[in-house]
Structures are given as C-alpha cells and as structure tokens.
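Same order as they appear, the protein sequences are chains Z and E.
Under the working numbering, the residues of the first sequence are numbered 1 to 374, in order.
Under the working numbering, the residues of the second sequence are numbered 1001 to 1374, in order.
All residues carry an ideal CB built from backbone N, CA and C; glycine is no exception.
Note that the structure is predicted; figures quoted are calculated from it, not measured.
2 protein chains.
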Amino acid sequence: MTIDGRQRGLPTPPRLDVDLDEADRFFRQRATEDPSAPDPKVRHAAAAREFSERGVFTHTTAELEFGARVAWRNANRCIGRLYWRSLVIRDRRHVRRADSIAHECVEHLKLATNGGKIRPVITIFAADEPGRPAPRIRNEQLVRYAGRRQDGATVGDPRFEAFTRWVQSLGWSGKGSAFDVLPLVIDTASDGTAIFDIPEDAVLEVELSHPELPWFADLGLRWHAVPAISSMPLRIGGLTYPTAPFNGWYMGTEIGSRNLVDADRYDMLVRVGRQLGLNTDDERSLWKDRVLVEINRAVLWSFDRAGVKIADHHAESERFMAFVAKEHKAGRTPTAEWSWVVPPMSGASLPVYHQYYDESVHLPGFLPSVQWEP
Amino acid sequence: MTIDGRQRGLPTPPRLDVDLDEADRFFRQRATEDPSAPDPKVRHAAAAREFSERGVFTHTTAELEFGARVAWRNANRCIGRLYWRSLVIRDRRHVRRADSIAHECVEHLKLATNGGKIRPVITIFAADEPGRPAPRIRNEQLVRYAGRRQDGATVGDPRFEAFTRWVQSLGWSGKGSAFDVLPLVIDTASDGTAIFDIPEDAVLEVELSHPELPWFADLGLRWHAVPAISSMPLRIGGLTYPTAPFNGWYMGTEIGSRNLVDADRYDMLVRVGRQLGLNTDDERSLWKDRVLVEINRAVLWSFDRAGVKIADHHAESERFMAFVAKEHKAGRTPTAEWSWVVPPMSGASLPVYHQYYDESVHLPGFLPSVQWEP
Ligand code: HEM
Ligand code: HEM
C-alpha cells in the first residue's frame, strides 16, 4: 500500500480508557447546544456514581446521537459535513453475538442504501468495558472488493490482497471476479473470528458507462453505492465505541480519481488512455489528466443514471464552504485538514483550495482507523 | 485577492538583524558540505572582527553562492529543487543606484531567458546594514502584467490593479493591452521611488495556441517565459538580502491552472468552456476539469513549439521525487510543504501526493514575500 501523503497530521492515539473528565466536558458541551439536555452537573454525578460501581458508565441514546453527529462535525478530513445534523443513529449497544452483528451491518447497508437515495447512517455497537471487550469488525469498510494475484496480475482490488488471503484461510472463496464483495469478519469474545457473506441484495452496485464513449461499458467496471467505514473507533464523552460503522454517499473523485486509478488500486489509467486513442507514452500530452476527467464523468453519469446519489467535487466543495460559514455563524471554529478536504483532482479550481483551516482536533470524534492485521 | 489556502504554515517572520550566531552555524554547515570552505572557526573570528568595527560583516562571493543554492534547496514550497546546484549567482552587492539596479534586472532577464533555454539565476543586491538601508524592488516578480478596470471589467491581470494604479500615479501609462508588462519600481535611499520600463527584447513571451483547437489562438492569450520572484528577501548566514530576484522556468500549471484561470486572475474558464461547446451551467459535467486540461495542453504545446523551456507537472513531480531521494542519500532530511508541492490539478495522479514531508524550515532560505503596499 502506498503512503497517502495527506495523512500528515499525527493522528491522535486511540483513547480507549474510560474518562470521567472527558465525560464532564461532553455533558457540558451538550448542554450548551441542546436545550433538551439534562443539567450537566446532575448528569455527571450520575455517571460518576455508575462508574464507581461498575468501572464504566452508560450514555443515554440521546447522548449517543448528539455525540455521533458532533463526531461527524469534527471529522477534519471530511468534506461532506454540511449535513451533520441529519445523521441517522442506530443504537445497537446490546447486540453482542457475531451473527447478530453481521445481521445489523446488513440492515445498516439496506437502510443507508434506501434504493439509491442514500442516507448517512451510523450503527453503534457496545463500548469497551473493563474485562468485557466489545465486538470488532475487521473490515476496513463494510463493502470492499477482494483482490487475488493470478498469473502475475491482480484480479480485483490490490489493496485487499492480504485481507483476501486471510479470509480465504478462514474458509471464504468468492466467485473470482474483479468485483467480489468480501465477507464481513467479526471478532467476539464468545465466538472468536467469524465470517459472514453479505447478501447480494444488500449491496447496491452501479455498472459504469460513459455518456459519449460506448466502449467504456465494455471495461466491465462497477462500484458499490455506499462507502461505509467500519475501522474507525468512535470516541464520545469519555467512552470508546470500537465498532461503529458509518456511511455517507460517495464523492465521485473517490472512485474516479482514487479507487479505480491509483497504481495500487484498480490502476485503470493506461487502459482507458489507450482506448481513448491517447499516446500514453507522452506524459506531456496530459493524457493522464484527460483520462481522469473521462473516468470521473463516467462515474457521475452512471450513478446519476442508476438513480444512486453521489456528489461531484465542485458541488461538494461549495457545500463545504457553506458548512464553514455555518460553523462560524454558530460561534464555532470549523476545523479541517486542507490536504484531505481538497479533492484529488482540479484542486485550485475549487473554493476549498483557497482557504486556511484550523487543523485542531476535537472530541467527540472518530479515531484513526485500526489498521488490519491478520 | 483570494486567500491561497496552501499558505497554512505560519511563515517565519522576516529576520533582518545581523546575527553572528547564525553566521557561525552557516560557516560550519558550509565546511561540512564544501571542501574548499575555510575553517569555520577562523572564518567566524574574521566576521566577528568586522562586525565589532562596522556593526555588520561581509560574505565572500563563495559564501553567497553556497548560501543561495542552499536557500533554494530549502525552499519548502518549490517542486523544482532537483537542480539546486545549478543556480547561477550574480553578485551585485556593489550596485546601489536605482537605474543601475534596473539595468541589472534587465540583464538578469536576458541571461535567464537565454533564447528560451531558461537558466535558473539569482541576482543578489546589497544586504541591509545599520544606517544604510539596501535598495528594494517593489515588484512581486520582475515580469508581471498590468490590470486596469475598464467599463466594469478588468483588462489584464486583476491581481495587479492596485499596483498598476500606483505606478500610473508615478507617471507610467503602458499600452492598455491585456498583457502590458509593468515597469520595475525601485526604492533607493538616494533616489526615492523610481520606475523603469523593461525593454521589450528582455521579455520573451509565448503566444498561446492549442495543438487541436484552431480558435484557441484567437483568444489572444500569451504568457512570459521567465517567472522571476523579486519580493522574497534572502537570508544567508546571519544577513538579509532584501533584494535578490531569482528565477526558474515555469511549470505549466502555474500558468494554465492558476494565472489564466483563477477567478481573481485572468478567469478564462467560462470563456474557453463555451468555445469548447461545453455546458458551463452544469458543473457535474466536469466541464471545468475538461477546460483545465485543454488550457494546460495549450500552454505546454505553445511553449514547446516556441522552444521555451517549461516543465509539466508529471515530469516535475518525478524530478521532485528524485530530489527527495538524493537528499536522503546525502544524509539530509528533505523538507517540503505538501500543499505547495502538490500541483493544482490532478493531484492524486502524481507521486508527490503520496508522500509525507517534514515541514520544518531551515536557513539559508527565502523569507516570506514582502507584500506590496503603496
Ligand atoms: C454525506 C455524504 C458524505 C460525503 C460526500 C463525504 C465525503 C468524504 C470524503 C470525500 C472523504 C475523504 C475520503 C478519502 O479521500 O479517503 C471523507 C472522509 C471522512 N468522512 Fe465523510 N462524507 C460523507 C459522510 C460522512 C459521514 C456520515 C461521516 C460520519 C458520521 C463521515 C466521516 C468521515 C471521516 C471520519 C472521514 C476520514 C476518513 C479517514 O480518515 O480515512 N463522512 N468524507
Ligand atoms: C528550475 C525550475 C523551477 C521550477 C519548475 C520551480 C517550480 C516552482 C513552483 C511550481 C512553485 C510554486 C509556485 C506557486 O504555486 O505559486 C515554486 C515555488 C518556489 N520556488 Fe521554485 N521552481 C524552480 C526554480 C526555483 C529557483 C531557481 C528558486 C530559487 C533560487 C526557487 C525558489 C522557490 C521559492 C522560494 C518558492 C516559493 C514561492 C512563494 O512562497 O510564493 N525555485 N517553484
């Protein structure tokens, strides 16, 4: 896997300990933003009481909702934050069996997919408790494609080759196509590591074609509709929820400028360039830049035609500017990482490029992805 | 002027004081890199002696050369640093009259232009001394185009409207075209503020046309061959040289993705988009991205055809990676600002994107541009 140069800021180290001071700050923050919140002093006393008995305390569902939405608002790398208030929260802290967790992930995908009118959703499973580790999803996203080395080339997504070998060692096989959806892999204290296929009807996919280039469809490219990150622990008011998959809708460039074109992903630049009749030996002809435009057009056009919600980087940049303005208006300082919110193509043509951002990190928030290891 | 979001790092405040400790570090650094350098202890003693007599000391020409080259090597925002050793240094510390300085700038341009085979050159004028302020060039670059409001629109480069009004108040008029080269404005203690036209034969320009689109030439676009920044003080070993114009060659995107397209510069996106027959009301068609590619192709193609050296962002990114590798090999940690070295288009398709950089700032170096004020 190549390094992603954008991850310059040192990520906050995962905070997994139960922290009553952080809880206190959270209860007070909520009280300033949410009129229905209880008196933070009273609330904190109750949490402290519970903590002294059990070594942990419990968020109310309302706290979970507020916390998850603010975690999104605080996601410095996310350009899509304008609608942070609309996040749907599924409180599944009581679900602990591996098969039930897999079932809830499938339900999450269906609810989020919504026939193409994608909804931002988060499903929150149990917090870590002393002596009672929470269940964990080992997938980076709920939907990812397998990658297999075959005759010196990779079929599928090279980024998940090692992960694919691992799930194969756990008994999974898949069809062998370039777009085989990987199974969910779930660790629980009671069941160990278990794998679950995601039913086909839970994974909406879009076949890619191009508004003007008929041969584009013959490339056999497709992508799934819902990006649902499942590897980032969620930290709310002094507790960590290690398993809290969340999704938005895609911004086209994620697929068209990264997943399908990065040299260590589907690496389609040369193939599409040749089909376009461009001289792919002459970098100075800007054939790569041209191909990027056409692949991204295909992505947006195909999703639109299939009725699947997707953002383009121009509109999303403008929405992000609206988010920044709204945050200022609410008396808050919006925070962001420039290198992440600036999309991976046509940077300077977008308003997000021409802005400074406060890069400080606030909680509640999503903690850095737990990197998969076998 | 819109903010350029890339300038996130707080710039070092200009260091204008004479600093013997910094000189000491510089003499020692030079001794480790340059076998011909004198013993740094002996050299420092001599500088200290001179300082105790005059309140300042003098670099040797060899020190100036080493210092200027290392300043380029340390330019964190510059993608073009692979050839830092090749910088040609013109030592003009003795030149103090305004007209002579203007003359030297013109000579700089001619030497740098070199009939299109552009050479990286720096001309270093006097350092500030106590009680004897050094001359100053008020232009941001030696070659910039005037901008004038006319009937609610701007003819020329909107970025230099205020500067243009100012030089007009000093007696300059210009032809009134969209590409009128501004005069040099030079401040000296003896002559005050004086303006000097740059002779036409010192400013090589390239008329822009497109390899496939004949109408492109009719847009009447052109750009000058040599980007020569004249607003950044040069700090070498304890002394500041406020007037030290330097140039490289252009990277195409500077012209094709910024100067000609930024909304507060020549703002050509919509015009070219309409000519291309694209629907400029539909952002989602990625017409802007498409237009960017075509303008950048025109820039590279026209410079190539005119025999004027220009880099494309793909090759320049690869050269920058070679620079990074070479620095490591030399036992140094290369430093860079990610948001500056990643070009303003097709970011993720370039190797520079997929790297972390140490952002620390080292001397010798160029200090932040002195912003022009009337
Ligand atoms: C609603 C539509 C959404 C859009 C268009 C959007 C867009 C994006 C994009 C383009 C990125 C950068 C991804 C990359 O380059 O790898 C990103 C990152 C991120 N987004 Fe969003 N997002 C959306 C919803 C959400 C939601 C609902 C959440 C959480 C509740 C969220 C949290 C994050 C986080 C934590 C990251 C950083 C991921 C990482 O570090 O790898 N986003 N988003
Ligand atoms: C030889 C070819 C060169 C190329 C292709 C090149 C390329 C670039 C580019 C693309 C930028 C960013 C400009 C912007 O986006 O505004 C830059 C910035 C810079 N370059 Fe270079 N450069 C070259 C030579 C030089 C030389 C000779 C020096 C000094 C001796 C230099 C020092 C700098 C500095 C100080 C900056 C930052 C400017 C600022 O802060 O506005 N470069 N260079």
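Contained alpha helix (DSSP H) runs [length at least 4] in the stretch 1093-1123 of chain E, N- to C-terminal order: 1098-1113
Chain Z contact for E/M1232 (CB, 8 Å cutoff): no
Below-8 Å beta-carbon distance, E/L1182 vs any chain Z residue: no
Distance cut-off 7 Å: Z/M232 Cβ against heavy atoms of ligand 1: yes
CB contact below 8 Å: Z/N296 versus chain E: yes
CB contact check: Z/V308 to chain E, cutoff 8 Å: no
Partners in chain Z for E/R1069, counting only beta-carbon separations shorter than 8 Å: The premise fails here: E/R1069 is roughly 26 Å from chain Z at the closest Cβ pair, so nothing lies under 8 Å.
Cβ neighbours of Z/G147 in the same chain (closer than 6 Å, five flanking residues each side left out): T154, G156, D157, P158, F160, E161 and T164
Within-8 Å CB hit, Z/S257 to chain E: yes
Cα-Cα separation between E/G1365 and E/A1047, rounded to whole angstroms: 20 Å
Partners in chain E for Z/G347, counting only beta-carbon separations shorter than 7 Å: P1344, M1345 and G1347
Proximity test, E/Y1072 beta-carbon vs ligand 2 heavy atom, cut-off 7 Å: For the sequence presented, residue 1072 of chain E should be read as Trp rather than Tyr. It does: the Cβ of E/W1072 is within 7 Å (strictly closer) of some heavy atom of ligand 2.
Endpoints, alpha helix (DSSP H) assigned at Z/F323: H313 to K329
Beta-bridge pairing of E/F1125 - partner residues as DSSP gives them: DSSP, once it has assigned bridges, lists no residue as partnering E/F1125.
Beta-carbon gap between Z/I229 and Z/P245 smaller than 8 Å: yes
Bounding residues of the alpha helix (DSSP H) (the contiguous stretch that carries E/E1200): It is not in any alpha helix (DSSP H) - E/E1200 carries neither H nor E in the DSSP assignment.
Proximal residues to E/S1360 (C-beta, below 6 Å), its chain only, five neighbours per side dropped: T1335
Close Cβ partners of Z/S346 (< 8 Å) along its chain, the five nearest in sequence each way excluded: H313
Nearest to Z/R235 (by Cα), restricted to the options Z/T280, Z/H44, Z/A348 and Z/A75: Z/A75
The stretch 1098-1108 of chain E in contact with the stretch 1191-1199 of chain E per 3-pair CB rule at 8 Å: yes
Chain Z within 8 Å of E/H1210, Cβ atoms only: no
8 Å Cβ cutoff met for Z/P135 and Z/F125: yes
C-beta atoms of Z/G307 and Z/G80 nearer than 8 Å: no
Own chain residues within Cβ distance below 7 Å of Z/Q141, not counting five before or after: P227, A228, I229 and S230
E/M1321 beta carbon near ligand 1 (any heavy atom closer than 7 Å): no
Proximal residues of chain Z, C-beta to C-beta of E/E1283 below 7 Å: D312, H314 and A315
Within-8 Å CB hit, Z/L10 to chain E: Unreliable positioning characterises Z/L10 in this predicted model, as indicated by a pLDDT of 39, which lies under 50. A coordinate reading is not provided.
For E/A1194: DSSP bridge partner residues: E/I1186
Rounded separation between E/L1221 and Z/A62 - CA only: 59 Å
Contacts around Z/D39, its chain only, beta-carbon distance under 8 Å, and the 5 residues preceding and following it disregarded: A31
Proximity to E/A1127 [Cα-Cα], best of E/G1152, E/P1344, E/G1238 and E/A1045: E/G1238
Backbone secondary structure at E/R1332 - three-state DSSP: coil
Inter-residue spacing [alpha-carbon to alpha-carbon] between E/E1053 and E/P1130: 12 Å
Whole-Å CB distance - E/I1198 paired with E/L1213, under 8 Å assumed: At roughly 32 Å, the Cβ-Cβ gap does not stay under 8 Å, so E/I1198 and E/L1213 are not in contact.
Cβ-heavy atom distance, Z/R235 to ligand 1, below 7 Å: no
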